[in-house]
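**Q**
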Amino acid sequence: MKDGQGGKQADLGADLARRVVDVPAPQTLEMMTRARALMAQGVDIVNLTVGEPDFDTPEDIREVAKKALDGGITRYAPIAGLPDMRAAAAEKLARDNGIDYRPEEIVVTNGAKQAISDTCLSFLEEGDEAIIPSPYWASYPGTVEFTGARCVYVPTTLRSGFKLTPEALRAALTPRSRLLFINSPSNPTGAVYRREELEALVEVVLSHPKLWILSDEIYERIDFTGRHVSTAALAGARERTITINGVSKAFAMTGWRIGYVAAPEPVARLLGRAQATLTAGANPFAQTAAAYALRQPKEATAYMTEAYRTRRDLVMELLGEIPGLRVSRPDGAFYAFIDVSAFFGHDASGRKVANSIEFTEYLLDRAGVSTVAGAGFGDDRCIRISTAASEAALREGIARLARAIRGLRRP
Ligand code: PLP
Numbered sequence: 291m292k293d294g295q296g297g298k299q300a301d302l303g304a305d306l307a308r309r310v311v312d313v314p315a316p317q318t319l320e321m322m323t324r325a326r327a328l329m330a331q332g333v334d335i336v337n338l339t340v341g342e343p344d345f346d347t348p349e350d351i352r353e354v355a356k357k358a359l360d361g362g363i364t365r366y367a368p369i370a371g372l373p374d375m376r377a378a379a380a381e382k383l384a385r386d387n388g389i390d391y392r393p394e395e396i397v398v399t400n401g402a403k404q405a406i407s408d409t410c411l412s413f414l415e416e417g418d419e420a421i422i423p424s425p426y427w428a429s430y431p432g433t434v435e436f437t438g439a440r441c442v443y444v445p446t447t448l449r450s451g452f453k454l455t456p457e458a459l460r461a462a463l464t465p466r467s468r469l470l471f472i473n474s475p476s477n478p479t480g481a482v483y484r485r486e487e488l489e490a491l492v493e494v495v496l497s498h499p500k501l502w503i504l505s506d507e508i509y510e511r512i513d514f515t516g517r518h519v520s521t522a523a524l525a526g527a528r529e530r531t532i533t534i535n536g537v538s539k540a541f542a543m544t545g546w547r548i549g550y551v552a553a554p555e556p557v558a559r560l561l562g563r564a565q566a567t568l569t570a571g572a573n574p575f576a577q578t579a580a581a582y583a584l585r586q587p588k589e590a591t592a593y594m595t596e597a598y599r600t601r602r603d604l605v606m607e608l609l610g611e612i613p614g615l616r617v618s619r620p621d622g623a624f625y626a627f628i629d630v631s632a633f634f635g636h637d638a639s640g641r642k643v644a645n646s647i648e649f650t651e652y653l654l655d656r657a658g659v660s661t662v663a664g665a666g667f668g669d670d671r672c673i674r675i676s677t678a679a680s681e682a683a684l685r686e687g688i689a690r691l692a693r694a695i696r697g698l699r700r701p
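So for the sequence shown, my numbering puts the first residue at 291; every next one is plus one.
1. I think V495 touches L454, with their Cβ atoms under 8 angstroms apart; what is that distance to the nearest whole Å?
2. Assuming A462 and I421 are in contact, meaning their beta carbons sit under 8 angstroms apart, how far apart are those beta carbons, in whole angstroms?
3. Give me the Cα-Cα distance between G622 and G610, rounded to the nearest whole angstrom.
4. For Q295, collect the residues of the same chain with a Cβ closer than 7 angstroms to its Cβ; drop the 5 residues on either side in sequence, then sort them by chain order.
5. Could you spell out where the alpha helix (DSSP H) holding F541 opens and where it closes?
6. With hydrogens ignored, establish whether the beta-carbon of I508 is closer than 7 angstroms to any heavy atom of ligand 1.
7. Give a single yes or no on whether A315 has its beta carbon closer than 7 angstroms to a heavy atom of ligand 1.
8. Could you tell me the distance, in whole angstroms, from the CA atom of I351 to the CA atom of E342?
9. Relative to the C-alpha of P423, which residue among V442, F436, E435 and G417 is closest?
10. Give the secondary structure of Y265 by DSSP, where H, G and I count as helix, E and B as strand, and everything else as coil.
11. Count the other CB atoms, across all protein chains shown, that sit within 10 Å of the CB of R690; report buried if there are 16 or more and exposed otherwise.
12. Nearest-angstrom Cα distance between T595 and K588?
13. Could you tell me which residues DSSP pairs with Y709 in its beta bridges?
14. Over the uninterrupted beta strand (DSSP E) stretch that includes L459, give me the two end residues.
15. Mind checking whether the beta-carbon of K500 lies closer than 7 angstroms to any heavy atom of ligand 1?
16. Mapping DSSP to helix, strand and coil, what is K642?
17. Using the C-alpha atoms, what's the distance from A439 back to D418?
18. Here's a check: name, in chain order, each residue in its chain whose Cβ is nearer than 8 angstroms to the Cβ of P425, leaving out the five neighbours to either side.
19. Here's the rule: buried if 16 or more other CB atoms are within 10 angstroms of the residue's CB, otherwise exposed. What is Q565?
20. For L653, which residues from the same chain have a beta carbon less than 8 angstroms from its beta carbon, with the 5 sequence-adjacent residues on both sides left out?
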């Protein structure tokens, strides 16, 4: 029966659109599903895969949503968002980021993820190129490829803090280059670009006639340097930048699905058109709560950022005690991206553990710790752990990682 079903699905796959069939299943979700299945069987698993805050949405934000629901804010929202939410996003971008956007230049989206897909749909055509510094957030390639455009990956190194250099960017440019992805703070590496580094990249972008920047700033609030720089705030950048942000990570609102995108007005209008075709306006009572959240002072969420910072410090200390592991200190977000390639080989039973997927499977099956393979983020030497977990879980997870590593034999 099971085999029969599998076969049927495979047959159907042959008839369905390649654009969907060929997109690899996201590693993060796959690992989470496997870990949860094991946990449901009673297996003791330390889950370090999650890509969302382990905090609850703050109570005052929830209260605003409840009131909005009871107040009847339940009908279709305008495609580009409720006027008040667009205004709140514009105020926030001026106050926190020093960028001057009018509400008409904001489109409220169903999560930042849709802001990225609206942008890709509006900018990329078949044969165009999107430049993606690698490692990258695992959803970027699929979103680009849905449009028929090509991903041009530009590798960065752990030694240079996983940051794109202007030289490497320049070397990747062609007449078909249309979009450059910048994600600071970064998922999965935690890299945070400094002002001068971004300025140097903007200079290269402006030397190209058609290249725009997609600046994904969803982890902005989780920046331990305290000096987050928005690309669009830099000289000359505003007219070539799409700024993407949202409330998912900053306010622990991942399930509410509210993001926003800011762009010069003619572009914002097109982004709205892409969204109108696909999904229409975002949930109005969630937008009402998001508008309230964006108007709160930064200090209101500082407790979460502080917790992530403390855990980052703990994780760096614990990983530092395992010789052979390499990790670049994350300056933001809630991940550590760890180079485990020094241990690739085989386990005591001879099973091959020679790439990041085999490594994460080995960790899950033999050590009871769930992580995500770097392959899905464009670096097969690494694994990602999430620090959106309790201190106890982090201590136990890393102790298990250390024990598992001792069980590996190099060729
Ligand atoms: N961008 C990056 C780098 C992310 O890691 C995520 C979520 O994991 C998103 C965008 C999507 O955010 P949202 O949940 O608002 O769609």
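Glycine included, each C-beta is placed from N, C-alpha and C at the ideal position.
**A** The short version:
1. Here V495 is actually not in contact with L454; their C-beta atoms are around 11 angstroms apart, not less than 8 angstroms.
2. Correct: roughly 5 angstroms between the Cβ atoms.
3. 18 angstroms
4. Confidence at Q295 is low in this model, with a pLDDT of 39, below 50, so its placement is unreliable and no value can be given for it.
5. The continuous stretches of alpha helix (DSSP H) do not include F541, and DSSP gives it neither H nor E.
6. yes
7. Not one heavy atom of ligand 1 lies closer than 7 angstroms to the C-beta of A315.
8. 18 angstroms
9. Cα-wise, what sits closest to P423 is V442.
10. Coverage of the chain is limited to positions 291 through 701, which leaves residue 265 absent and any answer about it impossible.
11. R690 should be labelled buried.
12. T595 and K588 have their alpha carbons spaced roughly 10 angstroms apart.
13. For the chain, the structure presents residues 291 to 701; residue 709 sits outside this window and is missing.
14. Segment P456 to A462 is the alpha helix (DSSP H) holding L459; no beta strand (DSSP E) there.
15. Every heavy atom of ligand 1 is 7 angstroms or more from the Cβ of K500, so no.
16. strand
17. 5 angstroms
18. So the list reads T446, F452, S476, P478, T479, F627, G664, F667, G668, D669 and C672, once near-sequence residues are dropped.
19. buried
20. V659, S660, T661, I673, R690, L691 and A694
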